[in-house]
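Below is one structure; the comments refer to it alone.
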Amino acid sequence: MTFDDEWAALKSDARDRQSAQMSLNTAGAQPGVPASGADRDLVVHRDELGAVGNEAFRVHGELRKRADVAGAGADTAGAGTTARAAAELQGHNFSAGGELYTTLEVWTSQVKTVLQMFAHISNHLDYSRKSHANDEVEIAATLRGGTAPPCRCRSCRST
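Straight run, no breaks: the sequence shown in my numbering ends on number 438.
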């Protein structure tokens with residue numbers, strides 16, 4: 280079987296499974312079906328997710344304090360000891376000074392990236408919960424024929 284034949288077969292199987300799973304033909308509570316009926320709130324049943332968010336927040340704070348090589352030992356001008364050492368080496372025509380600056384810039388960039396990742400993890404659960412709650416209000420109002428609150432998505436706010 281060629282790649283194209285196999286790919287076509289996989290797409291066909293996926294399409295068949297999707298059409299069999301898609302069903303919006305009920306409105307009431309279904310026995311044994313979570314999130315049907317009156318309880319429509321997004322619920323996370325795993326306590327581990329909260330623990331992950333807490334740990335990400337804790338690690339973010341610790342990393343922010345301990346990994347600031349650029350600001351360590353900052354003088355009155357704000358230059359850290361690593362930056363001052365690099366300047367001193369460059370001032371004496373040592374090529375290691377430029378390399379030390381490059382290392383400091385790469386380190387700082389990488390630390391900022393990791394900090395952003397931890398902040399994203401920490402904030403994601405709270406944001407998702409609030410966002411889904413707002414979506415539920417809008418959907419429920421629309422289905423009842425009422426007026427939904429104004430949309431707060433980025434594209435609607437800019438218009």
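All residues carry an ideal CB built from backbone N, CA and C; glycine is no exception. The structure displayed is predicted, hence computed values, not measured ones.
| Check | Outcome |
| --- | --- |
| Taking the CB atoms as reference points, tell me whether residue 329 and residue 404 lie closer together than 9 Å. | yes |
| Please confirm if the region 356–363 is in contact with the region 379–395, defined as three or more CB-CB distances below 8 Å between the two stretches. | yes |
| Rank 293, 377, 336 and 394 by C-alpha distance to the C-alpha of residue 346 and give the top, closest one. | 394 |
| Should residue 348 be flagged as near chain E, meaning a C-beta pair shorter than 9 Å? | The chain labelled as chain E is not found in the depicted structure, where only one protein chain is given. |
| Which residues bound the alpha helix (DSSP H) around residue 360? | 360–370 |
| Grouping DSSP H, G and I as helix and E and B as strand, with all else coil, what is residue 421? | helix |
| Measuring straight from C-alpha to C-alpha, what distance separates residue 421 and residue 409? | 19 Å |
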